[in-house]
Every structure is written in C-alpha cells, then in structure tokens.
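If you count by the working numbering, then the sequence shown holds residues 10 to 169, one letter each, in order.
For each residue, glycine too, the CB sits at the ideal point set by N, CA and C.
Since the model is a prediction, treat every value here as computed from it, not as a measurement.
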Amino acid sequence: MQNHTPDTLVRYRERLSPSLWLLVTAAVIGPMVALTFTPLGSLLALLIGAAAAVLLIVGLIAASPAVSVTGTVLRTGRAHIDARWLGSGVALVGDEAREARGTALPARGWHLIRGGIDGIVVIQNTDPDDPVTSWTISTRTPDRLLAAIQDAQAAASAHA
10 MQNHTPDTLV RYRERLSPSL WLLVTAAVIG PMVALTFTPL GSLLALLIGA
60 AAAVLLIVGL IAASPAVSVT GTVLRTGRAH IDARWLGSGV ALVGDEAREA
110 RGTALPARGW HLIRGGIDGI VVIQNTDPDD PVTSWTISTR TPDRLLAAIQ
160 DAQAAASAHA
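Pasting the structure below:
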C-alpha cells in the first residue's frame, strides 16, 4: 500500500524585500513631509515626518512578495503552479539576467520582477491549457531556487 500523505516539505522560501538603497530613499520622505508641516510647529512637523517615513518603509516591506517551493508547488506572490507543469529552467545573473528582464522577456510569460534584485530564474510552463508560456522570477539566489524547483519536479514525477 502506498503512502499518500501530502508533500509539505518547504524546499525554498524567500521574501523579495526592497533593497537597502530603496529603503534609504523612502526614508527621505520624512524630512520632506516635516518641512511641509513646519508651520504647525517644529516638534509636530518632526513627528509627522518620522511617522510618514516609518509607514512608507513598513508598507514597502509588508508588500514584498514571497517566492517559495513547498511540496510540489511553486508560489510567486499570489500566483502558484504545480511542478508537474514546469519544464526546463535556467538561473541567470548579470548581463544574461538583465536581458531576460528586458528584450528577452516573453509577452505571454508570467513575471515577478523586482528592481534591485539581480538574479532571475526563467522556467517553461508545459501546461497545454495555460496561455502562459513561461515564468520569469526575480531571486537573490537563482541557483538555489532552480534546484528547489527541480527537486519539486522530481517529487511530482515520483507521486504521479
């Protein structure tokens, strides 16, 4: 008798949080907002400016999408796909990743691209009923994400 327990192994997990430079840039809103509210009083203006900067930074971090491979499912932000529908993939960095995010970006592909994150994984979608032909995913560790996807594909094949 075969064991049909669901595969819940977390093979990969990453939050695509903003880069340090983006967070520093967002923090600049504090002094700008404070200057706007200076006529109400310097202390109140400083408090409002600090609150605006903190809220913007917390909002940027909270809105960051996650990429995960759990069991045989790849999740990128709100989208997900079972590994049995994924074909060959490639991990890219540098100029190859820049091209994959730019001129080589397929019009019918699904994309989760974040600025400030160099690595990219591009993987084919083999589901004949899905109009999306490939997935292009930003990641700080493209080799690890691709290995996790391939591990999930092997697990999906073993359970088939």
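- Message: Is it the case that the segment 24-35 contacts the segment 122-137, given that we only count it when at least three CB pairs across the two stretches are under 8 Å?
- Response: yes
- Message: Helix, strand or coil, according to DSSP, for I70 in the structure here?
- Response: helix
- Which residues DSSP lists as bridging V131, in chain order: V99, T145
- Query: To which residues of the same chain is R93 closer than 6 Å at the C-beta, ignoring the five residues directly before and after it?
  - Reply: A165
- Going straight from the alpha carbon of R117 to that of P140, what length do you get? 7 Å
- Query: With burial defined as no fewer than 16 other Cβ atoms inside 10 Å of the residue's Cβ, what is the status of I129: buried or exposed?
  - Reply: buried
- Task: Below 6 Å CB to CB, which residues in the same chain sit around L154 once its five sequence neighbours on both sides are set aside?
- Result: Y21, V130, T148
- Just the C-alpha distance for A61 and P27, rounded to the nearest angstrom, thanks. 17 Å
- Just mark I146 as buried or exposed, buried being the case when its beta carbon has 16 or more other beta carbons within 10 Å. buried
- Task: State the CB to CB distance for the pair Q133 and G86, rounded to an integer number of angstroms; the pair is presumed to be in contact (CB under 8 Å).
- Result: No, Q133 and G86 are not in contact; Cβ-Cβ is about 19 Å, not under 8 Å.
- Is A35 closer than 8 Å to L56 when the C-beta atoms are compared? no
- Drop a sphere of 10 angstroms on the beta-carbon of R110, count the other beta-carbons inside from all chains shown, and report buried for 16 or more, exposed for fewer. buried
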